[in-house]
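In our numbering, the protein residues as written are 100 to 386.
Virtual Cβ for every residue (Gly too), placed ideally from N, Cα, C.
In this text the structure is predicted, and so the values were computed from the model without any measurement.
Okay, so here's the structure we're looking at.
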């Protein structure tokens, strides 16, 4: 009799455990089947910002976090993403879900609903909803990386556009090689693809009393990426290459000079400045 009671108790406990396991499995299956739980996050990007919801829905009640990230840039440093996380709660509604985000004590309410695979999110008071994309953790990380890369590329493209805009706005660049030469480069056209065209005027103090001054003009074609610069010309039937670098912006660059082998510094000047230097050099040559 005693043994029968023990076996009866074991059977009851086993039955209870099986029932709990079945209930748990059923509950977890229902949780997994909940549409909001199908993805690890729902993400949206806008220029230098990224937003995403991390949601967990159980029996009509929702918990989770609202994240936002902002790109921060410091001079000389690559961009970084500063992230903030805010707790949220929510509930199921007739037309979808309602979420309340606690942003440092300020409660912000969103109406959300599925629109195809996307999550349509409308903040109370905003005129239109925004579509958030469903993602897993790996895809979310890729969004962050893409945002950082895009911002870096956009900044570089803007710097390039500004550089070529400045380059085309310059009247010309002047340099000196000792007392005998004054060099003036005028860039007629600088394309954003890097192609350059222009001319080089070399003014020479010959030391000859009869012809003390000589000016020779060479056509130039070249390339630049905003850092290095190369010009090509023809001197007495021979192709000549001039190489150098811009000094941080479009206002100055260095360039090799085939006549002396020097590396010369060229500085941007205005038209009136060039005329003044030109006349002064001619006068000095004639004295």
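Limits of the unbroken alpha helix (DSSP H) element including residue i
| i | result |
| --- | --- |
| residue 373 | 370-385 |
| residue 263 | 236-268 |
Range covered by the beta strand (DSSP E) that runs through residue i
| i | result |
| --- | --- |
| residue 345 | Residue 345 -> no beta strand (DSSP E), and no H or E assigned at all. |
| residue 271 | 271-276 |
| residue 140 | 140-145 |
| residue 169 | 160-171 |
| residue 151 | 148-157 |
| residue 213 | 205-214 |
| residue 333 | 327-334 |
| residue 217 | 217-222 |
| residue 183 | 179-192 |
| residue 135 | Where residue 135 is concerned, there is no enclosing beta strand (DSSP E), given that its DSSP letter is neither H nor E. |
| residue 360 | Counting along the chain, residue 360 falls outside any beta strand (DSSP E), and DSSP gives it neither H nor E. |
| residue 197 | 195-202 |
Short Cβ contact (8 angstroms threshold) for residue i with residue j
| i | j | result |
| --- | --- | --- |
| residue 153 | residue 163 | yes |
| residue 198 | residue 209 | yes |
| residue 332 | residue 293 | no |
| residue 220 | residue 229 | yes |
| residue 263 | residue 289 | yes |
| residue 147 | residue 232 | no |
| residue 312 | residue 302 | yes |
| residue 344 | residue 334 | no |
| residue 297 | residue 266 | no |
| residue 190 | residue 160 | yes |
| residue 325 | residue 259 | yes |
Span separating the alpha-carbon of residue i from that of residue j
| i | j | result |
| --- | --- | --- |
| residue 280 | residue 315 | 11 angstroms |
| residue 355 | residue 386 | 29 angstroms |
| residue 150 | residue 141 | 8 angstroms |
| residue 246 | residue 200 | 24 angstroms |
| residue 186 | residue 236 | 19 angstroms |
| residue 121 | residue 173 | Confidence in residue 121 is poor, its pLDDT being 42 and thus under 50, which makes the residue's placement unreliable; the coordinate value appears in the next sentence. Roughly 56 angstroms separates the two Cα atoms. |
| residue 240 | residue 202 | 23 angstroms |
| residue 358 | residue 371 | 28 angstroms |
| residue 223 | residue 207 | 8 angstroms |
| residue 347 | residue 365 | 13 angstroms |
| residue 367 | residue 360 | 22 angstroms |
| residue 384 | residue 299 | 20 angstroms |
| residue 275 | residue 304 | 12 angstroms |
| residue 123 | residue 137 | For residue 123, the predicted model reports a pLDDT of 39, less than 50, meaning its position is unreliable and no value from the coordinates is stated. |
| residue 215 | residue 204 | 33 angstroms |
| residue 382 | residue 369 | 20 angstroms |
| residue 339 | residue 306 | 26 angstroms |
| residue 144 | residue 285 | 44 angstroms |
| residue 268 | residue 278 | 29 angstroms |
| residue 257 | residue 291 | 11 angstroms |
| residue 378 | residue 310 | 16 angstroms |
| residue 253 | residue 380 | 45 angstroms |
| residue 255 | residue 248 | 11 angstroms |
| residue 212 | residue 196 | 6 angstroms |
| residue 226 | residue 261 | 36 angstroms |
| residue 351 | residue 337 | 27 angstroms |
| residue 135 | residue 188 | 13 angstroms |
| residue 287 | residue 375 | 21 angstroms |
Cβ distance (whole Å) where residue i is taken to contact residue j below 8 angstroms
| i | j | result |
| --- | --- | --- |
| residue 341 | residue 353 | Incorrect: roughly 10 angstroms between the Cβ atoms, too far for contact. |
| residue 170 | residue 177 | Wrong, their Cβ atoms sit about 10 angstroms apart, outside the cutoff. |
| residue 193 | residue 156 | Actually they do not touch by this definition, with Cβ atoms about 16 angstroms apart. |
| residue 273 | residue 283 | 5 angstroms |
| residue 165 | residue 270 | Rounded, the Cβ-Cβ distance is 54 angstroms, inconsistent with contact. |
Which residue spans inside the stretch 280-320 form an unbroken beta strand (DSSP E) run of at least 3? Correct list: 280-289 and 294-304.
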